[in-house]
Every structure is written in structure tokens, then in C-alpha cells.
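K.L.:
Numbering (the working numbering), first residue to last: 116 to 546.
1. Mind checking residue 148: buried by the 16 CB within 10 Å criterion, or exposed?
2. How would you call residue 417, buried or exposed, if buried means at least 16 neighbouring beta carbons within 10 angstroms?
3. Please go through the same chain and pick out, in chain order, the residues whose beta-carbon is closer than 6 angstroms to the beta-carbon of residue 382, but skip the five residues on each side of it.
4. Measure the C-alpha to C-alpha separation of residue 274 and residue 366 and round it to an integer number of angstroms.
5. Helix or strand or just coil, what does DSSP make of residue 432?
6. Hey, residue 359 and residue 495 are a contact pair by Cβ (cut 8 angstroms); roughly how many whole angstroms apart?
7. Quick check on residue 209: does DSSP put it in helix, strand or coil?
8. Nearest CA to the CA of residue 176: which residue from 392, 478 and 276?
9. Leaving out five residues before and five after residue 331 in sequence, what residues of the same chain have Cβ atoms less than 6 angstroms from its Cβ?
10. Taking all protein chains shown into account, decide if residue 527 is buried (16 or more other Cβ within 10 angstroms of its Cβ) or exposed.
11. Starting from the Cα of residue 265, find the closest Cα among 254, 233 and 277 and give me that residue.
12. Taking C-alpha atoms, which residue in 368, 296 and 201 lies nearest to residue 437?
13. If you drop the 5 nearest sequence neighbours on each side, which residues of the same chain put their C-beta closer than 6 angstroms to that of residue 166?
14. Pick out the complete alpha helix (DSSP H) segments inside the region 354-398, 4 residues or longer, and give them in chain order.
15. Apart from the five residues just before and just after residue 385, which ones in its own chain have a Cβ nearer than 7 angstroms to its Cβ?
16. Could you tell me the distance, in whole angstroms, from the CA atom of residue 129 to the CA atom of residue 255?
17. Considering only the beta carbon of each residue, do residue 227 and residue 179 sit closer than 7 angstroms?
18. Are the region 418-435 and the region 288-304 touching by the rule of at least three beta carbon pairs closer than 8 angstroms?
19. Hey, how far is the Cα of residue 160 from the Cα of residue 251?
20. Once DSSP output is grouped into helix, strand and coil, what is the label at residue 189?
21. Drop a sphere of 10 angstroms on the beta-carbon of residue 157, count the other beta-carbons inside from all chains shown, and report buried for 16 or more, exposed for fewer.
22. State buried or exposed for residue 188, treating a residue as buried only when at least 16 other CB atoms are found within 10 Å of its CB.
23. On a CA-only basis, which of 376, 484, 409 and 136 is nearest residue 345? Give me that one, please.
24. Please report the straight-line C-alpha distance between residue 216 and residue 163, rounded to a whole angstrom.
25. Here's the rule: buried if 16 or more other CB atoms are within 10 angstroms of the residue's CB, otherwise exposed. What is residue 407?
26. Measure the CB-CB distance between residue 476 and residue 468 and report whether it falls below 7 angstroms.
27. On the three-state DSSP scale, how would you describe residue 410?
28. With a cut-off of 7 angstroms, does the C-beta of residue 483 fall near any C-beta of chain B?
29. Counting only the same chain and skipping the five closest in sequence on each side, list residues whose C-beta sits under 6 angstroms from that of residue 205.
30. With distances taken from CA atoms, which of 126, 124 and 387 is nearest residue 445?
31. Using the three-state DSSP reduction, which class does residue 419 fall into: helix, strand or coil?
32. Based on Cα-Cα distance, which residue from 411, 133, 311 and 127 lies nearest to residue 200?
33. Please tell me whether residue 454 and residue 362 are closer than 7 angstroms, where the distance is taken between their beta carbons.
34. Would you tell me roughly how many angstroms separate the C-alpha atoms of residue 412 and residue 192, rounded to the nearest one?
35. If you reduce the DSSP assignment to three classes, tell me which class residue 468 lands in.
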């Protein structure tokens with residue numbers, strides 16, 4: 116029996132995987148106040164723990180992307196998901212900041228496959244006009260994981276301890292991995308994919324996707340493209356904002372806005388709910404801009420990027436407000452802004468590289484972004500005790516605006532290379 120719209124079922128599996136992925140990484144930030152007290156961890160040492168995750172994640176991203184391009188989305192994603200689940204649960208054994216940094220470093224290395232796998236899956240399963248929408252939907256997994264972390268972790272702390280939170284998230288990752296292996300299939304292997312949907316996907320993909328497969332993981336080819344440098348530069352500048360929101364919002368609410376742990380559980384998830392809205396809305400904005408402003412799909416992606424960067428003025432104003440609830444509102448605007456911007460960047464990446472390069476390119480761009488975030492986190496950990504949070508939020512907003520300007524000026528739409536022989540549109544092209 117054929118399943119209508121099965122491509123949306125496939126992307127829903129990716130979304131669920133990213134929920135678990137981001138739940139694992141955000142468990143630390145919510146548990147941080149309790150964990151830091153129990154293990155006698157200072158603010159600067161906490162910054163080093165966060166940076167350990169970011170550096171390992173960054174260095175592993177291009178390797179994870181290449182591995183997924185080489186071995187395939189299904190098996191590649193499963194291997195990394197099982198590994199990050201074990202690493203997450205292992206953090207419950209930490210006895211100090213060094214052991215916690217080690218376990219978070221392992222988590223960073225294994226979680227690095229999440230976004231490259233997601234972008235590759237949507238590139239395989241969706242035509243160009245729907246790809247930004249699909250990326251928007253799977254990208255809500257990142258925000259939804261962060262949204263679920265505060266109530267789950269606080270519940271675990273109140274009932275047993277912070278260790279339980281890491282174990283529960285690790286177990287959920289193992290369960291998802293088993294479901295992924297059971298349910299996910301590449302389009303060429305999906306027997307429930309109808310001929311009409313297969314033709315619809317192929318007809319809507321760019322010409323350079325339909326050409327003969329290039330060398331998998333072609334690093335040199337990627338490095339030669341101007342779009343990669345535009346994407347990598349934008350990731351370096353924009354990633355610190357999202358990593359700051361993920362790692363520091365609970366501590367900010369407790370130390371600067373004087374909330375207790377129950378209030379953190381009530382309010383710390385709101386910026387990530389707004390981020391979910393940004394993921395989805397950003398995905399739909401691209402085809403809307405394409406339709407109503409009569410621009411190319413690629414230009415519409417850049418317009419969404421500019422829109423998201425402009426909204427970062429919200430968190431930049433956080434130092435001007437006294438009410439903690441207004442501060443949370445401004446953080447919500449920041450979450451919305453960044454995920455709108457982030458989805459546009461992933462769409463630009465998927466438009467710029469072939470199916471056999473897209474995971475590698477996403478990983479390489481991610482490496483640049485997370486290395487930038489790691490440096491910013493180390494600086495943040497030192498400066499936050501000296502000048503406070505507010506000036507640093509202004510810096511993050513400026514970074515995002517500069518990133519949008521760079522992509523607008525540098526990135527160019529990719530045109531198909533002349534094919535040696537005419538290539539027919541058939542199910543073979545999905546391979």
C-alpha cells in the first residue's frame with residue numbers, strides 16, 4: 116500500500132531525532148545551578164564545560180557529515196545517535212568539572228551528525244520549493260528539545276537528582292535509534308512511495324541534483340565555492356547567539372533576574388517555544404517571498420536571513436528593561452529571530468551543494484560556527500562576571516546582522532554544470 120505524502124513522515128522522524136539531540140545538550144544548562152552547587156563548579160569552569168562540548172562538536176561536524184555522505188543517512192545517523200545516548204547517560208557519573216567536561220566533549224563529538232543528517236534527508240526527499248518548509252519543520256526539533264529540557268530536568272532534580280535527568284534523556288535516545296532503524300528508508304528503498312510523489316520530488320529538484328553523482332565528500336570542490344565561505348562566515352557570527360541561549364538562559368534567569376528553580380522551569384522554555392515558531396514560519400516565508408516579491412528561491416532564502424537578523428534587536432535591548440517578564444519576552448524574540456535565520460542558512464546550504472556533498476558541506480559550516488561559539492563562550496564566561504549579560508547580548512545582535520549582510524553580498528545561486536549526456540528524470544536519480 117502506497118502512503119500519500121510519505122516524505123512528511125520521513126522528515127517527522129528526523130524532527131524526533133533532533134528533539135532528543137537537543138534535549139541531551141540542554142540538560143546541562145537547566146541542571147547547571149544545582150550541578151554547580153553539588154560539584155563546586157565556578158562560572159568560569161562551567162564555561163569550560165560548555166566550550167568542551169562546542170569544540171568537540173565543531174571538530175567532529177565535517178567528519179560526521181562526510182561519514183553520512185559516505186555510508187548513507189539511515190545508518191550514519193543511527194550510529195551517532197546510539198553513541199550520543201550513551202554519552203549523555205554517562206554524564207550522570209561525573210564527580211567534578213573535569214569529568215563533566217570530558218563527558219560533554221564525548222557528547223559533542225557524537226551529536227555532531229544531527230543537523231548534517233537532517234539537511235541531507237530533506238535534500239533527498241523534497242523538491243526545492245518545499246525544502247525550506249521541510250527544513251523549518253525538522254529544525255523545530257532543536258528548539259523543541261530545548262523547550263522540553265526545563266520541566267523534565269527540574270522534575271528529575273526535585274524527585275531524585277540531576278543525575279536522573281541525564282539517564283532519562285540517554286534512554287530516550289536509544290529508543291529513538293531503534294525506531295529510526297525500523298522506520299526510515301531512502302527514497303530508492305521506500306516501497307510505499309508512490310510513482311506520483313517520486314516524480315513530483317524529482318521534477319522539483321535542481322538540475323545539479325539530477326546530474327551524475329560526484330565524488331562523495333568532495334572537500335576540495337566545496338572549498339572552492341564562494342557560497343561555502345559565505346555560509347561558514349555567517350555560521351561563525353550567528354552560532355554564538357544560539358549557543359548562548361542554550362547554555363546560559365537558566366543561569367541568567369537565576370543570577371540576574373533572581374528566579375528560583377521552579378520559576379526557571381516555568382519560564383526558561385518560552386524562548387525555545389518562540390524559536391519553534393521561527394523555524395516553521397521561516398520555512399514558509401521563503402516560498403511566500405518567492406511568490407509575492409517575484410524573486411528566485413535562492414534570493415528568497417537570503418531575504419528570510421535578513422528578516423531574522425533584524426529581529427535580533429530584541430535581545431539587544433534586554434539591558435534596558437527591569438521586569439524579568441519583559442526580559443523573557445525579549446529572549447523569546449531572540450529565539451524566534453535566530454531560528455528563522457538558522458533555517459534560511461540551512462536552506463541556502465541545501466541549494467548550493469549536490470546530494471552527495473550536502474551533509475559534508477553542512478558539517479564543515481557547522482564546524483566553523485561551533486568553533487566561533489566556543490571562543491565566544493570562553494570569553495562570555497570571563498566577561499559575564501565583570502560587565503554583565505546585557506552588553507554581550509548587544510554583541511550577539513550585531514554579529515547576526517553582519518552575518519546576514521555577508522551572505523547577501525557573497526552567496527550566489529548555483530547554476531547546473533553542463534551534463535556530458537542527457538539525464539532522464541527517473542527513479543534512478545534518487546539513488
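From the three backbone atoms N, C-alpha and C, an ideal C-beta is built for every residue, glycine too.
P.N.:
The short version:
1. It counts as buried.
2. Classification for residue 417: buried.
3. Within the same chain, residue 382 has close Cβ partners 443.
4. Cα to Cα, the separation comes out at about 21 angstroms.
5. Coil at residue 432, not helix or strand.
6. Their Cβ separation, rounded to whole angstroms, is 7 angstroms, which keeps residue 359 and residue 495 in contact under 8 angstroms.
7. Residue 209: coil per DSSP, three-state reduction.
8. Residue 478 is the option with its Cα nearest to residue 176.
9. Any reading at residue 331 must be qualified, since the residue scores a pLDDT of 49, below 50, and its modelled position is unreliable; no value is offered.
10. Here residue 527 is exposed: its Cβ has fewer than 16 other Cβ atoms, across all protein chains shown, within 10 Å.
11. Checking every option, the nearest Cα to that of residue 265 belongs to 277.
12. Check the Cα spacing between residue 437 and each of 368, 296 and 201: the tightest is with 368.
13. These residues qualify, in order along the chain: 489, 492 and 493.
14. Annotation note: the region 354-398 contains the following uninterrupted alpha helix (DSSP H) runs of length 4 or greater, listed N- to C-terminal: 376-382.
15. 443 and 447.
16. Rounded to whole angstroms, residue 129 to residue 255 spans 10 angstroms at the Cα level.
17. Yes; because the gap between Cβ atoms is below 7 angstroms, this pair is in contact.
18. Here the region 418-435 makes no contact with the region 288-304; the two share fewer than three CB pairs at distances below 8 angstroms.
19. When rounded, the distance between both Cα atoms is 35 angstroms.
20. Residue state, collapsed to three classes: helix.
21. With fewer than 16 other Cβ atoms within 10 Å, it is exposed.
22. With a 10 Å radius around the Cβ and a threshold of 16 neighbouring Cβ atoms, residue 188 comes out buried.
23. The residue with the shortest Cα to Cα distance from residue 345 is 484.
24. Each residue's alpha carbon lies about 7 angstroms from the other.
25. A residue is called buried once 16 or more other Cβ atoms fall within 10 Å of its Cβ, and residue 407, having fewer, is exposed.
26. With a cutoff of 7 angstroms on beta-carbon distance, residue 476 and residue 468 are scored as near each other.
27. Correct three-state label for residue 410: coil.
28. The structure shown contains no chain B, having only a single protein chain.
29. Closer than 6 angstroms at Cβ, skipping near neighbours: 218.
30. Comparing Cα-Cα distances from residue 445 to each of 126, 124 and 387, the minimum goes to 387.
31. In this structure, residue 419 counts as helix in the three-state DSSP scheme.
32. Among 411, 133, 311 and 127, the Cα nearest to that of residue 200 is on 133.
33. Contact flag unset, no.
34. The alpha-carbon atoms of residue 412 and residue 192 are separated by roughly 29 angstroms.
35. It is coil, neither helix nor strand.
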